[in-house]
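Structure first, commentary second.
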């Protein structure tokens with residue numbers, strides 16, 4: 032028996048929140064450096080802020096990895112190409128529906144909690160994956176390749192809408 036396996040890496044585009052965070056960090060750091068000219072005793076503050084800037088800039092470089100193996104989907108968040116964190120994991124038995132994010136069939140799930148694991152570029156086809164786990168309905172936005180969609184279709188054809 033052969034395994035149905037595929038993985039995909041999606042780089043997240045910095046959104047407005049990320050850009051505002053960077054701008055505020057830089058502005059506060061510059062102000063603290065200028066404040067040192069008037070109050071030399073606070074020399075440690077700019078050094079700490081520069082360290083915070085470096086730390087936060089690395090955390091804002093995000094990629095998502097989708098791993099699909101025989102009905103199991105894992106989504107990992109990779110920060111600065113070094114730190115990995117599992118943000119979502121599910122089995123096809125938990126699947127309620129997989130459809131393009133703009134499908135009318137998803138209207139009944141508009142009150143579900145939304146988690147966005149897409150690139151944010153708007154260039155790729157975004158799908159919504161609806162899961163019900165322990166009474167909580169989740170709507171996962173991600174950009175699967177055709178192999179992942181086909182894998183879900185093979186395991187649960189009535190729950191997958193392909194367009």
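Numbering (our numbering), first residue to last: 32 to 194.
Built from N, CA and C at the ideal position, the CB exists for glycine as well.
Treat the numbers as computed from the prediction; the structure is a model and nothing was measured.
So which of the options has the shortest CA-CA distance to residue i?
| i | options | result |
| --- | --- | --- |
| residue 170 | 103, 139, 84 and 45 | 139 |
| residue 53 | 92, 157 and 35 | 92 |
| residue 4 | 190, 165, 147 and 182 | Since the first residue of the chain shown is 32 and the last is 194, residue 4 is not available in this structure. |
| residue 190 | 38, 164, 156 and 128 | 128 |
Which value, in whole angstroms, describes the spacing of the CA atoms of residue i and residue j?
| i | j | result |
| --- | --- | --- |
| residue 87 | residue 151 | 20 angstroms |
| residue 162 | residue 104 | 12 angstroms |
| residue 184 | residue 123 | 10 angstroms |
| residue 80 | residue 126 | 44 angstroms |
| residue 136 | residue 99 | 24 angstroms |
| residue 110 | residue 119 | 15 angstroms |
| residue 112 | residue 94 | 8 angstroms |
| residue 132 | residue 101 | 23 angstroms |
| residue 188 | residue 78 | 57 angstroms |
| residue 48 | residue 55 | 11 angstroms |
| residue 84 | residue 141 | 37 angstroms |
Applying the 10 Å Cβ sphere with the 16-neighbour rule, what's the burial state of residue i?
| i | result |
| --- | --- |
| residue 130 | buried |
| residue 45 | exposed |
| residue 106 | buried |
| residue 180 | buried |
| residue 159 | buried |
| residue 178 | exposed |
| residue 243 | The shown model of the chain, from 32 to 194, leaves out residue 243, and the question about it has no answer. |
| residue 41 | buried |
Leaving out the 5 sequence neighbours to the left and right, which residues in its chain are closer than 7 angstroms to residue i when beta-carbon positions are compared?
| i | result |
| --- | --- |
| residue 51 | none |
Apart from the five residues just before and just after residue i, which ones in its own chain have a Cβ nearer than 6 angstroms to its Cβ?
| i | result |
| --- | --- |
| residue 182 | 35 and 99 |
Kindly list the residues whose CB is nearer than 8 angstroms to the CB of residue i, restricted to its own chain and excluding five residues on each side of it in sequence; keep chain order.
| i | result |
| --- | --- |
| residue 67 | 73, 74, 76 and 77 |
| residue 164 | 121 and 125 |
- [ ] Would you list, in sequence order, the uninterrupted beta strand (DSSP E) runs of no fewer than 3 residues that lie entirely inside the region 128 to 194?
- [x] Here the runs fully enclosed are 144 to 147, 158 to 164 and 167 to 173.
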